[in-house]
Amino acid sequence: MKPEHTHPYIPLTAAEEQTMLQTCGMASIQELFECIPPSVREAFQAGDLPPKPLSEMEVVNELSRLADSNRGSDRLLSFLGGGSYDHHVPSIINTLIFRSEFATAYTPYQPEVSQGTLQAIFEFQTLICNLTGLEAANASLYDGATAVAEAALMACGATRRERILISTGVNPRYRDVLSTYLHATDREETRIELLPSGRTCPDSIEGKDVAAVIVASPNYMGVIENLASLRARLDQKTLLIVVASPIALGLLAPPGPLGADVVIGEGAVLGVGQNYGGPGLGFMAVTGALTRRVPGRLVGMARDGDGKRGYVLTLQAREQHIRRAKASSNICTNQSLAALAATIFLTSLGKTGMRKLARLNYHKAHFARNLLCQIPGVVPAHDGPFFNEFAVRLPVAAGPVLERLLEEEGIVAGLSLASYYPNIENGLLVAVTEKRTRQQIERLGAAMKKVLS
Amino acid sequence: MTRGDDSVLERLIFELSSPGRQGLLLPELDVPEDPSLAEMPPGLLREDLDFPEVSQIDVVRHFTRLSALNYHIDKGMYPLGSCTMKYNPKVNDQMAGLPGFSGLHPLLPDSCAQGALELIHRLGQFLASVAGMEACTLQPVAGAQGELTALMMAKAYYARKGESRTRVLVPDSAHGTNPASAAMCGFSVSEVPSNQRGSTDLEALKKALDDRVALVMLTNPNTLGLFEEEILEVIRACHDVGAKVYCDGANSNALLGHARPGDMGFDVMHFNLHKTFSTPHGGGGPGAGAVCCSRDLEPFLPVPRVRVQDEVYSWSRDFPDSIGPVHSFHGNFGNQVRAFTYILSLGLEGLRQIATAAVLNANYLRVKLQDSYELPYVRTCMHEFVLSGRQFARKKGVKTLDIGKRLLDLGFYAPTIYFPLIVEEALMIEPTESESQVSMDRFIEAMLQIAREADEDPELLRKAPHSTPVGRFDETRAARKPILRWTGEEPPPIDPASPDRKSP
Chain A
1 MKPEHTHPYI PLTAAEEQTM LQTCGMASIQ ELFECIPPSV REAFQAGDLP
51 PKPLSEMEVV NELSRLADSN RGSDRLLSFL GGGSYDHHVP SIINTLIFRS
101 EFATAYTPYQ PEVSQGTLQA IFEFQTLICN LTGLEAANAS LYDGATAVAE
151 AALMACGATR RERILISTGV NPRYRDVLST YLHATDREET RIELLPSGRT
201 CPDSIEGKDV AAVIVASPNY MGVIENLASL RARLDQKTLL IVVASPIALG
251 LLAPPGPLGA DVVIGEGAVL GVGQNYGGPG LGFMAVTGAL TRRVPGRLVG
301 MARDGDGKRG YVLTLQAREQ HIRRAKASSN ICTNQSLAAL AATIFLTSLG
351 KTGMRKLARL NYHKAHFARN LLCQIPGVVP AHDGPFFNEF AVRLPVAAGP
401 VLERLLEEEG IVAGLSLASY YPNIENGLLV AVTEKRTRQQ IERLGAAMKK
451 VLS
Chain B
454 MTRGDDSVLE RLIFELSSPG RQGLLLPELD VPEDPSLAEM PPGLLREDLD
504 FPEVSQIDVV RHFTRLSALN YHIDKGMYPL GSCTMKYNPK VNDQMAGLPG
554 FSGLHPLLPD SCAQGALELI HRLGQFLASV AGMEACTLQP VAGAQGELTA
604 LMMAKAYYAR KGESRTRVLV PDSAHGTNPA SAAMCGFSVS EVPSNQRGST
654 DLEALKKALD DRVALVMLTN PNTLGLFEEE ILEVIRACHD VGAKVYCDGA
704 NSNALLGHAR PGDMGFDVMH FNLHKTFSTP HGGGGPGAGA VCCSRDLEPF
754 LPVPRVRVQD EVYSWSRDFP DSIGPVHSFH GNFGNQVRAF TYILSLGLEG
804 LRQIATAAVL NANYLRVKLQ DSYELPYVRT CMHEFVLSGR QFARKKGVKT
854 LDIGKRLLDL GFYAPTIYFP LIVEEALMIE PTESESQVSM DRFIEAMLQI
904 AREADEDPEL LRKAPHSTPV GRFDETRAAR KPILRWTGEE PPPIDPASPD
954 RKSP
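Quick note, the sequences are listed as chains A and B, same order.
Counting along the first sequence from 1, when you hit position 442 you're at 442 in the numbering used here, and nothing is skipped either side.
In the numbering used here, each residue's number is its place in the second sequence (first place is 1) plus 453.
Structure follows, in structure tokens:
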């Protein structure tokens with residue numbers, strides 16, 4: 001029996017239901033579902049689903065209760081990094097990306113009514129190319145981890161080789177996802193160790209038939225790699241894949257001219273926010289030679305029949321909806337709206353803002369490391385150059401120290417390295433973004449000193 | 454309405470740049486400059502960055518003007534088959550933006566994220582209930598990644614059992630992502646034909662099945678919008694050879710509250726939260742592709758997984774048979790908040806009404822359009838149906854592409870065209886529950902007008918659209934020498950005499 005009033009999301013009234021059923025030559029709604037075997041219909045159970053609709057007010061109350069039982073960066077002083085960072089999200093971003101015209105549009109398969117999305121993606125591709133120093137960038141991938149996996153698979157296809165070497169300086173969560181993806185095709189990656197500097201050991205890059213060497217710069221320890229010296233170790237065919245931080249690239253040399261064939265990374269730092277880790281924003285830039293092997297969508301500039309300049313999805317013959325089992329990847333839906341956020345972020349900061357932002361991160365992180373290392377027993381874990389994240393060794397295990405700082409001071413001092421890097425004894429990974437003030441950093445220093453004494 | 458003469462609709466942000474402008478003021482450095490930066494070897498540092506210099510108002514106007522060039526669901530109907538372009542409730546976005554969610558770091562101790570973990574746990578239970586299955590992971594961030602995850606799980610399942618199964622079967626009507634995902638997972642893919650009623654051909658399937666088949670990937674309702682008539686027999690045949698059966702859940706909007714894939718015998722499936730559960734498409738993502746599975750496959754789900762004990766939630770990696778993680782963190786959490794909000798807003802009662810309205814709407818359109826267009830499979834459809842425009846292509850040289858483009862002129866988005874591949878000149882139409890009878894009547898009127906125009910003035914359709922901000926592009930030409938970034942180089946002007954300047 002249909003209720004007297006419709007649900008706000010479903011305009012169909014009882015009267016319309018009757019008219020439409022009549023048009024279809026049917027007596028009841030049941031007839032529409034008669035194609036479903038009776039045994040299936042009879043087996044139906046509600047399970048854990050709430051039985052009735054809730055009003056908007058009730059829904060807001062329930063969601064607010066859940067949100068309030070979290071303790072996020074709005075309530076804690078956080079130095080937590082490890083792949084997600086507390087960067088400023090400029091106010092214009094959400095105002096613009098949540099415009100219905102962007103947020104509720106579909107993938108731009110009809111370019112005549114999708115120029116807004118298409119041009120924004122073209123601008124995103126251009127910004128990523130300029131940032132990385134490479135010739136082509138795609139419209140986005142899911143996140144940093146899957147970008148690593150997609151890049152590795154692309155390298156195997158492009159070189160017709162199977163071996164992937166990956167530095168332990170690459171985010172261990174990205175390495176885990178790479179393992180998952182490679183394992184599915186019975187491949188395995190080989191790990192390359194870090195030197196005491198925190199840089200990838202070039203001498204560990206050995207063996208023939210390597211499809212790609214994957215390093216991160218700055219890497220998980222925040223350390224800036226010497227890409228040119230790594231490139232020099234590789235044969236001409238082996239691809240150098242660099243996981244880059246787009247914020248650091250405001251200051252650091254673009255990896256392309258240093259010898260990277262592929263630059264990938266996590267772009268959620270560019271105005272997307274933390275959101276408990278997702279949406280992320282995978283990006284990928286490649287040399288011209290790899291353009292036709294790139295996974296995912298590409299937007300190109302074109303002219304319509306009247307000669308007007310515009311944008312279309314292009315080189316679609318790589319993609320699953322055309323090439324099916326022979327596609328360069330299965331990716332279809334990507335992270336378009338997050339790419340739009342990044343585009344707005346990068347253009348707002350612009351040429352000088354990106355440099356200033358990177359400098360703020362750099363100097364504040366160095367100030368923090370100097371301060372922490374004045375505490376007896378706290379020493380830097382590495383001596384290589386670093387950006388906005390660094391590892392230190394504490395005199396005692398990091399876990400209990402972190403717990404005490406959280407409970408007593410409301411400070412998340414960083415991430416314990418115990419599970420992924422047990423060889424760095426009592427290791428703590430600390431991230432400092434532009435949002436941390438001198439006063440906050442000094443508060444961390446004082447609290448750490450107190451807890452360790 | 455005709456288009457303006459300007460050769461550029463909206464200049465690129467790079468073309469709006471003026472040296473000395475900035476769009477965001479950053480704080481002054483409040484700590485001493487570290488001398489290490491000045492001592493850094495110059496090769497490590499950037500010399501220049503070719504980025505625009507624009508004021509905040511430039512940025513706001515640029516993207517606002519760009520947005521005006523898009524069609525979107527808040528403007529009108531999107532009859533885009535297989536994509537479930539339904540209303541995206543605004544409260545969902547507002548809830549995802551609560552600071553307690555949006556400012557949450559994914560690696561915080563579990564004690565700081567109890568609300569997020571509870572939401573993830575409960576949404577997983579909701580979705581498993583909709584699926585009629587045992588367990589759920591929210592980690593995959595798109596339908597295609599959900600497929601890949603399920604394929605990896607099936608592979609791990611058979612490896613654990615010591616069985617070597619290398620084949621995956623997909624129907625000839627399958628989404629392109631199905632074979633692409635199977636190939637990414639190292640399987641060899643075989644196609645199973647559809648029968649004359651638009652369902653999987655059971656006899657052909659039985660012939661294709663053997664003990665090397667790991668997974669059979671079905672879409673139900675299938676991409677013709679038809680419920681698989683012999684679904685119980687089909688699944689039984691697969692299980693008889695020890696294969697698992699996957700449900701591509703892209704079309705779940707048809708079944709909500711009425712039937713559960715688990716009750717049909719499916720072993721594993723994905724949901725597109727950005728279709729069935731109303732999270733916005735965002736011009737191509739972020740999506741979310743939750744995977745639900747039976748008890749058999751549950752040990753192989755990605756880690757970490759939420760555990761709950763005495764109402765305390767925690768992440769656990771202690772699942773030795775897991776395929777491992779498929780995402781940096783916990784999937785697209787923002788979309789999970791939206792889908793959770795949506796399910797609370799509807800409850801089972803509302804979800805059932807959604808499927809009812811979606812299926813009734815589709816049948817209403819089907820009946821109203823089947824005389825003017827060809828309906829290759831004459832059956833009650835579910836949430837969508839597929840027409841063929843081949844009569845117009847044969848008689849008048851009007852292709853389905855032309856019909857789609859003409860719809861843009863008349864204020865609608867185009868249906869999904871040329872898919873599924875088994876229907877010639879296919880037009881796949883899905884109204885969703887969001888359209889009222891009035892809005893569907895307007896769509897019907899537009900479709901009937903186009904059918905008349907195809908007879909009377911085929912040239913009008915071949916040159917459509919006429920009133921959109923830009924006209925048709927020659928995509929083949931654009932792909933020949935693609936311009937993928939702005940370097941100042943523009944595509945060559947169109948030469949009216951060039952053979953390239955024919956309709957794409």
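Glycine residues also receive a C-beta, built at the ideal position from the N, C-alpha and C atoms.
Would you say residue i reaches chain B, if we count a Cβ-Cβ gap shorter than 7 Å as a contact?
i, result
"residue 161 of chain A", "no"
"residue 269 of chain A", "no"
"residue 276 of chain A", "yes"
"residue 117 of chain A", "yes"
"residue 306 of chain A", "yes"
"residue 330 of chain A", "yes"
"residue 16 of chain A", "yes"
"residue 237 of chain A", "no"
Is there at least one Cβ from chain A nearer than 7 Å to residue i's Cβ?
i, result
"residue 647 of chain B", "no"
"residue 638 of chain B", "yes"
"residue 577 of chain B", "no"
"residue 895 of chain B", "no"
"residue 497 of chain B", "yes"
"residue 476 of chain B", "yes"
"residue 595 of chain B", "yes"
"residue 670 of chain B", "no"
"residue 926 of chain B", "yes"
"residue 818 of chain B", "no"
"residue 464 of chain B", "no"
Please name the residue, chosen from the options, that lies closest to residue i on a Cα-to-Cα basis.
i, options, result
"residue 736 of chain B", "A:23, A:165, A:16, A:338", "A:338"
"residue 8 of chain A", "A:42, A:55, A:23, A:44", "A:55"
"residue 742 of chain B", "B:486, B:500, B:591, B:700", "B:591"
"residue 168 of chain A", "A:439, A:41, A:282, A:420", "A:420"
"residue 83 of chain A", "A:51, A:392, A:273, A:380", "A:273"
"residue 277 of chain A", "B:783, B:768, B:746", "B:783"
"residue 484 of chain B", "A:256, A:442, A:238, A:349", "A:442"
"residue 434 of chain A", "A:269, A:185, A:197", "A:269"
"residue 212 of chain A", "A:192, A:221, A:218", "A:192"
"residue 245 of chain A", "A:153, A:143, A:401, A:369", "A:143"
"residue 47 of chain A", "B:584, B:630, B:658, B:851", "B:584"
"residue 521 of chain B", "A:103, A:77, A:194, A:41", "A:103"
Could you check what DSSP says for residue i in three-state terms: helix, strand or coil?
i, result
"residue 94 of chain A", "helix"
"residue 589 of chain B", "strand"
"residue 723 of chain B", "strand"
"residue 71 of chain A", "coil"
"residue 164 of chain A", "strand"
Per the DSSP calculation, residue i is bridged to which residue(s)?
i, result
"residue 283 of chain A", "A:265"
"residue 313 of chain A", "A:299"
"residue 766 of chain B", "B:761"
"residue 427 of chain A", "A:393"
"residue 641 of chain B", "B:620"
"residue 838 of chain B", "B:882"
"residue 129 of chain A", "Residue 129 of chain A pairs with nothing; no bridge assigned."
"residue 604 of chain B", "Note: residue 604 of chain B sits in no beta bridge, so no partner."
"residue 626 of chain B", "Paired residues: none, contrary to the question."
Given that residue i touches chain C, what residues does it touch there, using C-beta distances under 7 Å?
i, result
"residue 608 of chain B", "Of the protein chains in this structure, namely A and B, none is chain C."
Note to self: Threshold first: 3 residues or longer. Then list the beta strand (DSSP E) segments lying entirely within the region 644 to 704 of chain B, N to C.
What the structure shows: 666 to 672, 697 to 701
Checklist line | Ordered list of beta strand (DSSP E) runs contained in the region 239 to 277 of chain A, each at least 3 residues | finding: 239 to 244, 262 to 266
Checklist line | 4-residue-minimum alpha helix (DSSP H) runs that sit fully inside the region 455 to 542 of chain B, ordered along the chain | finding: 488 to 492, 509 to 520
Checklist line | Segments of 3+ residues assigned as beta strand (DSSP E) that fall wholly inside the region 814 to 874 of chain B | finding: 838 to 841
Checklist line | Contiguous alpha helix (DSSP H) assignments of at least 4 residues, all confined to the region 329 to 382 of chain A | finding: 336 to 372
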